[in-house]
Each structure stands twice: as structure tokens, then as C-alpha cells.
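In the UniProt record's numbering, the protein residues as written are 1 to 153. Working notes for the structure below.
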């Protein structure tokens with residue numbers, strides 16, 4: 001996992017061409033100006049999904065993980081708490097959907113929480129299961145975020 005401010009993104013070298021493409025896009029575009037939904041950047045290699053959601057209590061979400069893409073979670077407005085855990089500590093619930101590169105997983109015994117504020121980002125590679133879209137506050141709240149999908153396999 002990588003956690004930092006979006007302002008520092010161009011200083012991070014992720015060491016692969018699709019991450020470089022993602023970094024360049026994030027450094028030169030205002031995510032708040034993108035339409036809701038999917039914006040292609042480099043076909044199926046790099047794209048971003050912008051969404052407005054209600055954050056929920058952690059008990060309402062499963063962990064998720066991917067095999068092909070790393071996720072770059074960027075908060076545009078609001079606050080989001082995301083739990084992360086090593087994928088090997090989680091158990092797949094049902095079947096992994098290779099068409100959507102998505103699997104739902106059980107909560108592991110050990111997890112780490114990161115809270116993102118507007119302008120913060122976090123990278124979750126396929127080795128990390130993650131539980132996005134959560135709040136650790138007593139009530140749910142509105143969240144606008146972008147999830148950039150970056151092919152790593």
C-alpha cells in the first residue's frame with residue numbers, strides 16, 4: 001500500500017509504464033472536472049472511475065481484491081476510511097470474477113485502516129485486499145472519489 005498526498009504523486013516512481021501513465025494523468029488533470037463514470041486513459045491498461053457514494057459502516061462491506069489491476073483510490077471530496085490486509089490472510093467468498101477482475105473476501109484477523117481526506121490517495125496492489133467506501137464515524141457521509149485502475153499483470 002502507498003499512502004500520501006495527491007500533491008506528492010508525481011514524486012513517486014512506481015517503476016512501470018502503466019503507473020507512469022497514471023501518474024502523468026493525475027498530475028495534469030483535475031479529477032473534480034471529470035464526469036461520473038469511466039474515463040479511459042490508455043484503453044484497458046489505465047482508466048479511472050469517478051463516483052459519488054455514501055460511505056458506510058465497515059460491517060456493511062466485504063473486502064475486495066483484484067488480480068490484474070492495482071487501484072489508486074483518490075478522495076475528491078469528503079472522507080473515506082479504507083481497510084487493507086494481506087490477501088493471503090483472507091478467504092474468497094464465492095468465485096473470483098475474471099471478467100470484472102473482482103473478488104469478495106472475508107475479513108482477516110489482522111487489518112490496517114487508513115483515512116483519506118480530499119486530495120489524499122492510496123494505492124492497493126493485487127497483493128492487498130481492501131475495504132473501500134467506509135466511514136469510522138457514527139453516521140454515513142457523502143464521498144466523491146476516483147478509483148484509477150492500473151494494469152499490473
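We treat Cβ as the ideally placed atom computed from N, Cα and C, and that holds for glycine.
Worksheet item: Nearest-angstrom Cα distance between residue 12 and residue 68?
Response: Confidence at residue 12 is low in this model, with a pLDDT of 44, below 50, so its placement is unreliable and no value can be given for it.
Worksheet item: For the candidate residues 80, 153, 85, 61, whose alpha-carbon lies nearest to that of residue 52?
Response: 80
Discussion item. Just to confirm before moving on: does the CB-CB distance between residue 127 and residue 87 stay below 7 angstroms?
Written reply: yes
Discussion item. Assuming residue 135 and residue 57 are in contact, meaning their beta carbons sit under 8 angstroms apart, how far apart are those beta carbons, in whole angstroms?
Written reply: 7 angstroms
Discussion item. At the level of alpha carbons, what is the spacing between residue 25 and residue 140?
Written reply: 31 angstroms
Discussion item. I'd like to know whether the C-beta atoms of residue 90 and residue 146 end up nearer to each other than 7 angstroms.
Written reply: no
Discussion item. Excluding the 5 residues flanking residue 36 on each side, which residues of the same chain have their C-beta closer than 8 angstroms to its C-beta?
Written reply: 50, 51, 52
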